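Asks: Handing you a structure now.
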Amino acid sequence: MSNIKSYAERIKNFDWSISEKELGYKEGDVINIGWYCSDRICKMGKADKLALIWEGLGGIEKKYTFNDVRLKSNTIGSFLRDLGIKNGDRVCLFLDKFPELYIGFLGILKIGAIAQPLFSAFGDESLHVRLDNAETKAIITQKRHVSKVRKILDQMPYVKQIIIVDYDGRKPLREREIAFSMDEVEPVENLEIFPSKAETTSVLHYTSGTTGQPKGVKHVHYSIISQYLTTKWVLDLREDDIYWCTADPGWVTGTSYGIIGPWSLGITQCALDTGFSAGSWYKFIEKHRVTVWYSAPTAIRSLMRAGDEVVKQHNLSSLRHLASVGEPLNAEAVIWSEKVFGKPFQDNYWQTETGSIMISNYPGMKVKPGSMGKPFPGITATVLNPKTYEPWEESGKIGLISFKPGWPAMLRTYWGNEETFKTKFKNGWYISGDRARIDKDGYFWFVGRDDDVINTGGHLVSPFEVESALLEHEAVAESAVVAKPDEINMEVVKAFVHLNPGYEASPELELKIMNFIRKKLSPLAMPQEIEYVDSLPKTRSGKIMRRILHAKEWGEEIGDTSTLEDDE
Ligand code: 6R9
C-alpha cells in the first residue's frame, strides 16, 4: 500500500496540519529545516541510519549516518558563525555534488543564515549577477571553481570570506580565502540552533525570466511542511527505501527533494557526482539497490537512446517507484520506462517559485502517458483564460497554469524585486507562466511556456542573459536568442547574430563566440548554433521579435506580424 493510500480520499478535507502534526510543529513554534533534517531524525532513534551514500569520480565512496550529518552540519554552522556569519546573511554554495553541498546546506540553515546554492558549472558572469543581487557574504566552494570567484572578487566588496572545502595546501590561499575540511576538523557536538520561525528566510534559488536579470526566489523555513508531505505522498518514500534524486542541489529539485524531502523523513539517499552515462547510472542503481528514483526527461530520453540492451546487463529489480520533473515528459518515454523497468516514470510539475510539487501522478492512480497528472491535495490549480484571467469553464481549453496562493512552500518574494513578484498574481491567482489544458477527468496536459524562457534539458535559460553576454563579444553588434528543437534536450539555445563591421562570418568565429558564452555563463546557456544575419525582425519601437525567429525554428505559423509589433 502506498503512503498516499487513496488520492480521492486525500483531497477531501485536506489540511496542511496533517504535515504539521507529523513533524510535531504547531503555529508559532521554532521551525528550523537544518534541525528537522538531522537532529530530529537522530532524536527519533535513527542516529546510526545511513543518510547519504555518495559516489564521486574514480569510484570513491563516502557514507554518512544521520548522526554524521547532524555533527558535520553543526561543525559547518559553528565554523561559519566563528567567521562572523549571522542569521539573515547569504551564504552561497558553489560546489559540485560534494557531500559538503548537502550537509553544508543544513549547516547554513542551522545558524539562521540563508543558503544560496548556485550551479557549479556557472561561469564568472552568471555567478557575479547572482551574488551581486544577494550581496552574498560568504561562498563555500572548491579548488576547481575558485578561479571563477577570484576573477570577479574585486567587484564584490560584500563577499567577506571564500571557504574552500578541498584545499590541499599546494598553492597559497589568496585574499579572503580560508580552508575548511568537514571530515578533518573536530566535530561540534552541541550547536546553538537559530530559533527560526515559519516565515524566516531559508533558501534563495535563482531562476531565469525573459527580461531582466535572474530572480532570487525567496523561500522560508515553513516550506518544509509542503516538501515533507509531497515527498511522502508523491515520491512515496518509506523507511527502508534507498532513494536517488539525480538533480543537482544547485537547482531547486536538488534541494527540495534532494535534501529537505528525504532527510525530513529520515530516508537514506544516494548521490552520484560523476557525469552521465547510461551504464554508470544503471550500475549505480544496481550497486546501491536504489528503490525510488527521481529524475528528469532529458536523462530518461538519453537512457532510452542508449537502448534496452544495456538495461538488461544490470539487475535493476530493486526499483519500485520512478518519478520525473523539469520539462515535458513525452508519452513515449513513459511507455518505454514501463517496458524496460517494469514501471512507468510518473511525471510531476512544479517550479522554483512553487518550492514543492504542485501537479502530479500518484502511486495507485491511473497514469495517462504524456499528462502531468492532478493537483496535490490542498492545491487549487486551474488554467486561466489568458484574456480575462478567469478559469476556463469547459475542459480542454488551453490556458495559464495558475494556483491559489497560500501553500507552505510558495515563494515569499523575489529578492530585492517585489515589483516583479507582484506581476505574478492576477485575480487572486499565482500565474506560473506555463500553459496547459485540463481534460474531462481533471488531468493536466502541458502545452508550453508562456514566455521566451528556454528550457534546455530541464534547465531554464534566459534569452536576455545570453543576448547581453553576446553583446560583450567584440564581433557582435546585435543578437536574438531563441530555443531550437533538439531530440534529447527538447530545446537548445540558438543565437541569431548581426556582426559588427570588419568581422567576417565564419565557422571559426562561431566557435569562438560559443566558447565565450560557455565560459561567461555556462555550458547550458552556450548557443548550439549561431546563425549570422544582416538584420533582426523588430517592432516599431525597436524591440527584437524573438517570436518570429522562434516560429521559424519550430516550423510554426508566424501569424499576423502587425499585431505582434504592438504586442511586444
Ligand atoms: C522543478 C523545476 C520550472 C519550469 C516550469 C515548466 C517546466 C517543470 C514540468 C515542466 C512540463 C513538467 N516544467 N516540470 N514542464 N512538464 N512535468 O523544474 O523548477 O527549474 O524553476 O523550472 O520547468 O516550464 O515552469 P524550475
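Note that numbering that gives the first Met the number 0 numbers the sequence shown so that position 102 is 101, with each residue one more than the last. C-beta atoms are modelled at their ideal positions from N, C-alpha and C, and glycine is treated no differently. Given the structure is predicted, the values throughout are model-derived calculations rather than measurements.
What span of residues does the alpha helix (DSSP H) with ALA7 cover, start to end?
Replies: Here residue 7 refers to the residue found at position 8 of the sequence shown. 6 to 9 is the span of the alpha helix (DSSP H), which, as asked, contains ALA7.
Asks: Give a yes or no on whether the C-beta atoms belonging to LYS373 and GLY122 are separated by under 8 Å.
Replies: One-based indexing of the sequence shown puts residue 373 at position 374. One-based indexing of the sequence shown puts residue 122 at position 123. Not closer than 8 Å, so no.
Asks: Using a Cβ-Cβ cutoff of less than 6 Å, which residues in the same chain neighbour GLY363 once the five nearest sequence positions on both sides are dropped?
Replies: For the purposes of this step, residue 363 is identified with residue 364 of the sequence shown, where counting begins at 1. Result list for GLY363: SER1, in chain order.
Asks: Grab me the residues of ILE557's own chain with a C-beta within less than 6 Å of its C-beta, minus the 5 sequence neighbours each way, in chain order.
Replies: Counting from one through the sequence shown, the residue named residue 557 turns up at place 558. Within the same chain, ILE557 has close Cβ partners ILE547 and ALA550.
Asks: Report yes if the CB atom of ASN73 is closer than 8 Å to the CB atom of CYS41, and no otherwise.
Replies: If you number the sequence shown from 1, residue 73 lands on position 74. If you number the sequence shown from 1, residue 41 lands on position 42. Going by C-beta atoms, ASN73 is not nearer than 8 Å to CYS41.
Asks: Given this structure, state the Cα-to-Cα distance separating TYR281 from VAL291, to the nearest angstrom.
Replies: On the sequence shown, position 282 is the one that residue 281 refers to. On the sequence shown, position 292 is the one that residue 291 refers to. Each residue's Cα considered, the two are about 13 Å apart.
Asks: Which residue from TRP250, GLY58 and ILE30 puts its Cα closest to that of SER119?
Replies: As a position in the sequence shown, residue 119 is number 120, starting the count at 1. The option with the nearest alpha carbon to SER119 is TRP250.
Asks: Tell me the DSSP bridge mates of TRP292?
Replies: Position 293 of the sequence shown holds residue 292. Note: TRP292 sits in a beta bridge opposite TRP243 and LEU321.
Asks: Would you decide whether GLU352 is buried or exposed? Buried here means 16 or more other CB atoms lie within 10 Å of its CB.
Replies: Along the sequence shown, one-based indexing puts residue 352 at 353. By the 10 Å Cβ count, GLU352 comes out buried.
Asks: For MET357, I'd like the list of residues in its chain whose CB is within less than 7 Å of its CB, leaving aside the five on either flank, ordered along the chain.
Replies: Locating residue 357 in the sequence shown gives position 358, counting from the first residue. Excluding residues within five positions, the ones whose Cβ falls inside 7 Å are TYR348, TRP349, PRO374, PHE375, ILE378, ALA380 and PHE402.
Asks: Tell me the rounded alpha-carbon separation between ASP565 and ALA435.
Replies: The sequence position of residue 565 within the sequence shown is 566, counting from 1. The sequence position of residue 435 within the sequence shown is 436, counting from 1. Low per-residue confidence applies at ASP565: pLDDT is 42, beneath 50, and the placement is therefore not dependable enough to give any value.
Asks: My output table needs one value for ILE358: the three-state DSSP class, helix, strand or coil.
Replies: Residue 358 sits at position 359 when you count from the first residue of the sequence shown. DSSP places ILE358 in strand when its eight states are reduced to three.
Asks: Candidates TYR388, PRO484, LEU328 and ALA332: which alpha carbon is nearest GLY427's?
Replies: As a first step, residue 427 is located in the sequence shown; it is residue number 428 there, counting from the start. The residue with the shortest Cα to Cα distance from GLY427 is TYR388.
Asks: Quick check: the Cα distance between ILE437 and SER301, rounded to an integer number of angstroms?
Replies: Within the sequence shown, numbered from 1, the residue matching residue 437 stands at position 438. Within the sequence shown, numbered from 1, the residue matching residue 301 stands at position 302. Cα to Cα, the separation comes out at about 29 Å.
Asks: Say yes only if the C-beta of ARG448 is nearer than 7 Å to one or more non-hydrogen atoms of the ligand 6R9, and no if none qualify.
Replies: Taking the first residue of the sequence shown as 1, we reach residue 448 at position 449. At least one heavy atom of the ligand 6R9 is nearer than 7 Å to the Cβ of ARG448, so yes.
Asks: Taking the runs of the beta strand (DSSP E) that are 3 residues or longer, which of them lie wholly in the region 470 to 544?
Replies: Counting whole runs of 3 or more residues, the region 470 to 544 contains the beta strand (DSSP E) stretches 475 to 485, 489 to 498 and 528 to 531.
Asks: Assuming THR422 and LYS214 make a contact with CB atoms under 8 Å, what is their CB distance in whole Å?
Replies: Here residue 422 refers to the residue found at position 423 of the sequence shown. Here residue 214 refers to the residue found at position 215 of the sequence shown. Rounded, the Cβ-Cβ distance is 11 Å, inconsistent with contact.
Asks: In angstroms, rounded to a whole number, what distance separates the CA positions of VAL384 and TRP444?
Replies: Locating residue 384 in the sequence shown gives position 385, counting from the first residue. Locating residue 444 in the sequence shown gives position 445, counting from the first residue. Here the sequence assigns Asn to residue 384, which means Val is not the residue at that position. Taking the straight line joining both Cα atoms gives about 15 Å.
Asks: For GLU331, count the other beta carbons within 10 Å of its own beta carbon; 16 or more makes it buried, fewer makes it exposed. Which is it?
Replies: Position 332 of the sequence shown, counted from the start, is the residue given in the question as residue 331. Burial call: exposed.
Asks: From the beta carbon of GLY23, is the nearest beta carbon of chain C less than 8 Å away?
Replies: The structure shown contains no chain C; it is built from a single protein chain.
Asks: Checking 8 Å against the spacing of the C-beta atoms, do LEU228 and SER18 come in under that value?
Replies: As a working note, residue 228 is residue 229 in the sequence shown. As a working note, residue 18 is residue 19 in the sequence shown. Yes; because the gap between Cβ atoms is below 8 Å, this pair is in contact.
Asks: Check whether the Cβ atoms of ALA112 and ASP88 sit closer than 8 Å, and answer yes or no.
Replies: On the sequence shown, position 113 is the one that residue 112 refers to. On the sequence shown, position 89 is the one that residue 88 refers to. Result yes, Cβ atoms of ALA112 and ASP88 sit closer than 8 Å.
Asks: Rounding to the nearest angstrom, what Cα-Cα distance links ARG69 and ALA504 in this structure?
Replies: For this step, residue 69 is matched to residue 70 along the sequence shown. For this step, residue 504 is matched to residue 505 along the sequence shown. So the two alpha carbons sit approximately 57 Å from each other.
Asks: Any idea if GLY208 is buried or exposed, counting beta-carbon neighbours within 10 angstroms, 16 or more meaning buried?
Replies: Numbered from its first residue, the sequence shown carries residue 208 at position 209. So GLY208 ends up on the buried side.
Asks: Which residues does DSSP pair with GLY372 in a beta bridge?
Replies: As a working note, residue 372 is residue 373 in the sequence shown. For GLY372, which the question treats as bridged, DSSP gives the partners PHE443.
Asks: Nearest by alpha-carbon distance to LYS196: which of SER5, GLY457, PRO407 and ASN454 is it?
Replies: As a first step, residue 196 is located in the sequence shown; it is residue number 197 there, counting from the start. When only C-alpha atoms are compared, the closest one is PRO407.
Asks: Indicate the three-state DSSP secondary structure (helix, strand or coil) for GLU556 in the structure shown.
Replies: Here residue 556 refers to the residue found at position 557 of the sequence shown. Note: GLU556 maps to coil in three-state DSSP.
Asks: By a C-beta neighbour count over all protein chains shown, 10 Å radius and 16 as the cutoff for buried, is GLN345 buried or exposed?
Replies: Here residue 345 corresponds to residue number 346 of the sequence shown, with the count starting at 1. Buried.
Asks: How about GLN141 and ASP182: do their beta carbons lie closer than 8 Å?
Replies: Taking the first residue of the sequence shown as 1, we reach residue 141 at position 142. Taking the first residue of the sequence shown as 1, we reach residue 182 at position 183. Result no, Cβ atoms of GLN141 and ASP182 do not sit closer than 8 Å.
Asks: CB of GLN350 to nearest heavy atom of the ligand MN: below 7 Å?
Replies: Among the ligands present in this structure, namely the ligand 6R9, the ligand MN is not found.
Asks: Looking at SER431 and the ligand 6R9, is the gap between the Cβ and the nearest heavy atom below 7 Å?
Replies: Here residue 431 refers to the residue found at position 432 when the sequence shown is read from its first residue. Answer for SER431: yes, Cβ within range of the ligand 6R9.
Asks: In terms of residues, what are the limits of the beta strand (DSSP E) holding GLY432?
Replies: Translated into the one-based positions of the sequence shown, residue 432 becomes position 433. Start and end: 428 to 437.
Asks: What does THR210 pair with, by DSSP beta-bridge criteria?
Replies: By 1-based counting over the sequence shown, the position of residue 210 is 211. Per DSSP, none; premise fails for THR210.
Asks: Could you tell me whether the Cβ atoms of THR297 and LYS48 are closer together than 8 Å?
Replies: In the sequence shown, counting from the first residue as 1, residue 297 sits at position 298. In the sequence shown, counting from the first residue as 1, residue 48 sits at position 49. Their beta carbons are not under 8 Å apart, which means THR297 does not touch LYS48 by this criterion.
Asks: Let me know if TRP553 comes out buried or exposed under the rule of 16 or more other beta-carbons within 10 Å of its beta-carbon.
Replies: As a first step, residue 553 must be located in the sequence shown, where it is residue number 554. It is exposed - the Cβ of TRP553 has fewer than 16 other Cβ atoms within 10 Å.
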